[in-house]
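Listed in order, the protein sequences are those of chains G and W.
Heads up: the first sequence begins at 0 in numbering that gives the first Met the number 0, then just goes up one per residue.
Heads up: the second sequence begins at 0 in numbering that gives the first Met the number 0, then just goes up one per residue.
C-beta: ideal position from N, C-alpha, C; glycine also.
So the structure is just underneath, and the comments pick up after that.
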Amino acid sequence: MGTAVDKNSSEPVLSIDNLKTHFFSRKGVARAVDGVSFDLTPGEVTGIVGESGCGKSVTALSVMGLVPNPPGRVVDGRILFHGKNLLDLDITALRKIRGAGIAMIFQEPMSSLNPVYTIGNQISEMFRLHKGYDKKQALAAAVDMLERVQIPSPHKRVNEYPHQLSGGMRQRAMIAMAMSCDPEILIADEPTTALDVTVQAQILDLMHRLKDDFSTAIQLITHDLGVIAEMADQVVVMYAGQVVEQARTRELFQHTLHPYTRGLLASIPVLGHRTRGMDEDLVEIKGMIPSLHDLPAGCRFSNRCPEVMDTCKTRLPDLTDMGSGHQVRCWLHTKGGSA
Amino acid sequence: MTTPLAAVTDLKVHFPIKKGILARTVGYVYAVDGISFEIMPGETVGIVGESGCGKTTAGMAMVRLTPITSGSVHWKGTDMAAMNRSGLRALRREMQLIFQDPYSSLNPRMTVRQILSDPMDVHDRFTGRQRKARIDFLLDTVGLSPGQADLYPHEFSGGQRQRIGIARALALDPTLIIGDEPVSALDVSIQAQIINLLKRLKRDFNLSLIIISHDLAVVEYICDRIIVMYLGKIVEAADYASLYKDPKHPYTKTLMSAIPVPDPARRTRRIILKGDVPSPINPPGGCRFHTRCPDRMDICDKQEPAMQRFSDGHTAACHLYNNTDADLSHATPTHVSTPTKGDNP
Ligand SMILES: Nc1ncnc2c1ncn2[C@@H]1O[C@H](COP(=O)(O)OP(=O)(O)OP(=O)(O)O)[C@@H](O)[C@H]1O
Ligand SMILES: Nc1ncnc2c1ncn2[C@@H]1O[C@H](COP(=O)(O)OP(=O)(O)OP(=O)(O)O)[C@@H](O)[C@H]1O
Ligand code: SF4
Ligand code: SF4
Ligand SMILES: [Mg+2]
Ligand SMILES: [Mg+2]
Numbered sequence: 000m001g002t003a004v005d006k007n008s009s010e011p012v013l014s015i016d017n018l019k020t021h022f023f024s025r026k027g028v029a030r031a032v033d034g035v036s037f038d039l040t041p042g043e044v045t046g047i048v049g050e051s052g053c054g055k056s057v058t059a060l061s062v063m064g065l066v067p068n069p070p071g072r073v074v075d076g077r078i079l080f081h082g083k084n085l086l087d088l089d090i091t092a093l094r095k096i097r098g099a100g101i102a103m104i105f106q107e108p109m110s111s112l113n114p115v116y117t118i119g120n121q122i123s124e125m126f127r128l129h130k131g132y133d134k135k136q137a138l139a140a141a142v143d144m145l146e147r148v149q150i151p152s153p154h155k156r157v158n159e160y161p162h163q164l165s166g167g168m169r170q171r172a173m174i175a176m177a178m179s180c181d182p183e184i185l186i187a188d189e190p191t192t193a194l195d196v197t198v199q200a201q202i203l204d205l206m207h208r209l210k211d212d213f214s215t216a217i218q219l220i221t222h223d224l225g226v227i228a229e230m231a232d233q234v235v236v237m238y239a240g241q242v243v244e245q246a247r248t249r250e251l252f253q254h255t256l257h258p259y260t261r262g263l264l265a266s267i268p269v270l271g272h273r274t275r276g277m278d279e280d281l282v283e284i285k286g287m288i289p290s291l292h293d294l295p296a297g298c299r300f301s302n303r304c305p306e307v308m309d310t311c312k313t314r315l316p317d318l319t320d321m322g323s324g325h326q327v328r329c330w331l332h333t334k335g336g337s338a
Numbered sequence: 000m001t002t003p004l005a006a007v008t009d010l011k012v013h014f015p016i017k018k019g020i021l022a023r024t025v026g027y028v029y030a031v032d033g034i035s036f037e038i039m040p041g042e043t044v045g046i047v048g049e050s051g052c053g054k055t056t057a058g059m060a061m062v063r064l065t066p067i068t069s070g071s072v073h074w075k076g077t078d079m080a081a082m083n084r085s086g087l088r089a090l091r092r093e094m095q096l097i098f099q100d101p102y103s104s105l106n107p108r109m110t111v112r113q114i115l116s117d118p119m120d121v122h123d124r125f126t127g128r129q130r131k132a133r134i135d136f137l138l139d140t141v142g143l144s145p146g147q148a149d150l151y152p153h154e155f156s157g158g159q160r161q162r163i164g165i166a167r168a169l170a171l172d173p174t175l176i177i178g179d180e181p182v183s184a185l186d187v188s189i190q191a192q193i194i195n196l197l198k199r200l201k202r203d204f205n206l207s208l209i210i211i212s213h214d215l216a217v218v219e220y221i222c223d224r225i226i227v228m229y230l231g232k233i234v235e236a237a238d239y240a241s242l243y244k245d246p247k248h249p250y251t252k253t254l255m256s257a258i259p260v261p262d263p264a265r266r267t268r269r270i271i272l273k274g275d276v277p278s279p280i281n282p283p284g285g286c287r288f289h290t291r292c293p294d295r296m297d298i299c300d301k302q303e304p305a306m307q308r309f310s311d312g313h314t315a316a317c318h319l320y321n322n323t324d325a326d327l328s329h330a331t332p333t334h335v336s337t338p339t340k341g342d343n344p
């Protein structure tokens, strides 16, 4: 269930199927990721969008096998990489896939660059580990990588420490490290959120090119629908641990089905809208995101939804395919709800 | 002519960089380096620009929370530097701040009632019986319920905490509120609530607002006039519509083209700049944008461009406009859009 059918794209390289990752504490169970399914396709960007705490990072960490345990645990589902369920692999096998097959850029750039090693050291380590290069070969490859991500004077930068680089350069170094072993999949968790827009434009441009040149499947996590519109081929919208809508990018923006997605799109200020006389006031989504410990019964958006019906308050709608891979979780579109 | 509420003239704020045990000054951070602007009563002014360009410093200097190196700030025609204690005290009441981080800007050990009472106690306003009514009114105004007055900040969500911060700023009927990234830390769906609230307050109370933000789209939504800063300088200022329709400065154009638009049908070619924003410790000479400017000419690294006036109070500092007559503003010189022209041969 839940795997998108799309005639235009090739075989998925990664299929996440009904993934459930929960956190256990005295307060109870937080169902941070609760039945999430989507595919990654070579040469495509899959955008994961949703507000803070909806489970974007935990989904990514689950794929990488990096969910902090305790308190967290993948309790159900499958993550198929070339047909192999990553959740069945032991730590050694997983480590091999990480880096070579699947690489990740983390939300906090400083947390994944080691401050006591030079940039060159850290990137060449990847080549030595995964490609068996010797020290000299690996360093040359590292310089080459820095050049590819357009870090100026790579021969000099390769000997510098992370703190000597600007935010934008650090992010580029992270991308260089992640791409150093030609991964089939790149998971980028908010890669540009901390950056200025002019630098963000550079990084997005770079990711675009990497995707085209290497046919990498990119999972791009962001809360910025502008970045999604710009970058993604398909979009997964998450709310409180679940996928509420998924579609090809144009389809999603042009035929938005879920009330939450519609609310999100109407609530962001768009440059030029006011000048062109559109939307003098922004549309608000009332209320706030529910706590994972205190989710509404039924549809998780029901306490904020402007179109809520009686059914919504008691029964959770399934993610339903509306044709050509456009899926939505809402009683307005799923049979069985009563208006 | 009406006197501006506040007038900032050639304001400079340089932070000394100290080194060694003798704490010798070895240089300066030119955080704000000669900016001038005015805000009229009831007007909303936005200050935008990328990280480190001096937005916060400019705002803090206006309320005297950071020392001024040179230049002046006049409040209703009076130089703030010449104000006596009671003058400054009145000023503190009339100018209020809203901060970016609704978490750290509220005292966790105080209830909402205490947080809102604090400024009233300091200024001896709304005392006795009036107090409760005032607090109820403030909470109601920002969309909280009076029943929440005795809760602590941690019992509220981020958006609600920002509402508390706004209620505190409104407590003493201010004339001007300076909001430093008031919505940046909020989730998108909550951000819209706060933006609408700010717009409503501005209408209902005839407030003047200065909104500091790195997000041009947010500023365009709230503000009448927008000031664009780059490395401690104002590079362009205009009313929101004229800035959007007819940006003059190459930096403004780049900034606008870099903002991703949430509409896949409008994926446009953007201007990709080289490199990062240079350090304000050692800003480039001439035009500060010349190290990244796609329209750069020979003169640009040698001479600082003067502020040019176009029609409708639109101003921009760029050598591209040196020989255009002021007021021929629609005539965006044709070479602005062809990035290579003007480069060194
Ligand atoms: N180590 C942890 N211990 C307990 N709960 C956690 C842990 N990590 C994440 N969670 C919970 O899982 C939920 C999903 O978190 P996640 O980090 O995936 O959100 P996100 O969508 O990435 O949000 P953001 O946009 O803020 O990064 C959150 O509600 C969070 O409280
Ligand atoms: N107290 C201080 N001492 C020394 N330098 C400072 C001080 N405050 C700010 N600066 C420096 O002055 C410059 C301008 O800082 P400011 O905080 O005004 O920028 P900003 O435009 O508000 O940026 P941001 O968008 O990141 O908030 C920066 O380089 C900053 O590091
Ligand atoms: S199921 Fe009901 S409450 Fe949920 S999004 Fe659809 S209409 Fe709204
Ligand atoms: S003065 Fe020169 S370098 Fe500066 S913005 Fe104008 S064209 Fe570009
Ligand atoms: Mg996250
Ligand atoms: Mg600031």
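First and last residue of the alpha helix (DSSP H) that includes residue i?
i                     : result
residue 153 (chain G) : 153 to 156
residue 173 (chain G) : 166 to 178
residue 352 (chain G) : Examination of residue 352 (chain G) is not possible in this model, given that chain G is present from 0 through 338 alone.
residue 162 (chain W) : 157 to 169
residue 197 (chain G) : 196 to 213
From the DSSP output, which residues share a beta bridge with residue i?
i                     : result
residue 46 (chain G)  : G:219 and G:234
residue 263 (chain W) : Beta-bridge pairing links residue 263 (chain W) to no other residue.
residue 33 (chain G)  : G:19
residue 213 (chain W) : Paired residue(s): none; residue 213 (chain W) is not in a bridge.
residue 95 (chain W)  : W:176
residue 83 (chain G)  : G:80
residue 75 (chain G)  : G:19
residue 291 (chain W) : Answer by DSSP bridge pairing: none, since residue 291 (chain W) is not bridged.
Tell me whether residue i is buried or exposed, calling it buried when 16 or more other Cβ atoms sit within 10 Å of its Cβ.
i                     : result
residue 279 (chain G) : exposed
residue 154 (chain W) : exposed
residue 339 (chain W) : Caution is warranted here: a pLDDT of 35 is assigned to residue 339 (chain W), below 50, making its placement in the model unreliable, and the coordinate value is therefore given only provisionally. Its Cβ having fewer than 16 others within 10 Å, residue 339 (chain W) is exposed.
residue 327 (chain W) : Note that residue 327 (chain W) scores 43 on pLDDT, short of 50, meaning its location in the model is unreliable; the coordinates nonetheless yield the value given after this. Residue 327 (chain W) comes out exposed.
residue 176 (chain G) : buried
residue 325 (chain G) : buried
residue 21 (chain W)  : exposed
residue 163 (chain G) : exposed
residue 125 (chain G) : buried
residue 200 (chain G) : buried
residue 92 (chain G)  : exposed
residue 67 (chain G)  : exposed
residue 322 (chain G) : exposed
residue 12 (chain W)  : buried
residue 12 (chain G)  : buried
residue 202 (chain W) : exposed
Ligand 3 and residue i: does any heavy atom of the ligand fall closer than 8 Å to the residue's C-beta?
i                     : result
residue 243 (chain G) : yes
residue 311 (chain G) : yes
residue 103 (chain G) : no
residue 342 (chain G) : Here chain G has residues from 0 to 338 only, and residue 342 (chain G) is not among them.
Under 8 Å from any heavy atom of ligand 2, does the C-beta of residue i make it?
i                     : result
residue 213 (chain W) : yes
residue 273 (chain W) : no
May I ask which residues mark the beginning and end of the beta strand (DSSP E) holding residue i?
i                     : result
residue 15 (chain W)  : 5 to 18
residue 244 (chain G) : 241 to 247
residue 188 (chain G) : 184 to 188
residue 70 (chain W)  : 69 to 74
Please indicate yes or no: does the CB of residue i lie closer than 8 Å to some heavy atom of ligand 6?
i                     : result
residue 251 (chain W) : no
Within the present structure, is the beta-carbon of residue i separated from the nearest heavy atom of ligand 5 by less than 8 Å?
i                     : result
residue 188 (chain W) : no
residue 106 (chain G) : yes
residue 405 (chain W) : Chain W is shown only over 0 to 344; residue 405 (chain W) falls outside these bounds and no answer can be derived.
residue 188 (chain G) : yes
Regarding residue i and ligand 4, is the C-beta to nearest heavy atom distance less than 8 Å?
i                     : result
residue 234 (chain W) : yes
For this session: Check whether the stretch 302 to 310 of chain G touches the stretch 224 to 234 of chain G, taking contact to mean three or more Cβ pairs, one atom from each stretch, closer than 8 Å.
Result: Per the Cβ contact rule, the stretch 302 to 310 of chain G is not in contact with the stretch 224 to 234 of chain G (fewer than 3 Cβ pairs under 8 Å).
Exercise. Between the stretch 328 to 335 of chain G and the stretch 242 to 252 of chain W, do three or more beta carbon pairs fall short of 8 Å?
Worked result: With the cut-off at 8 Å, the stretch 328 to 335 of chain G and the stretch 242 to 252 of chain W do not touch.
Problem set entry | Stretch pair the stretch 21 to 32 of chain W + the stretch 229 to 237 of chain W: three plus CB contacts closer than 8 Å | The answer is yes - the stretch 229 to 237 of chain W touches the stretch 21 to 32 of chain W, with three or more Cβ pairs under 8 Å.
Exercise. Are the stretch 183 to 200 of chain G and the stretch 216 to 223 of chain G touching by the rule of at least three beta carbon pairs closer than 8 Å?
Worked result: The stretch 183 to 200 of chain G is in contact with the stretch 216 to 223 of chain G.
Exercise. Do the stretch 206 to 215 of chain W and the stretch 170 to 184 of chain W make contact, defined as three or more Cβ pairs closer than 8 Å?
Worked result: Using a C-beta cut-off of 8 Å, the stretch 206 to 215 of chain W makes contact with the stretch 170 to 184 of chain W, since at least three inter-stretch Cβ pairs fall below that distance.
For this session: Decide yes or no for the touch test of the stretch 81 to 90 of chain W against the stretch 145 to 162 of chain W: beta carbon pairs closer than 8 Å, at least 3 of them.
Result: Look at the beta carbons and you see the stretch 81 to 90 of chain W not touching the stretch 145 to 162 of chain W: under three pairs across the two are nearer than 8 Å.
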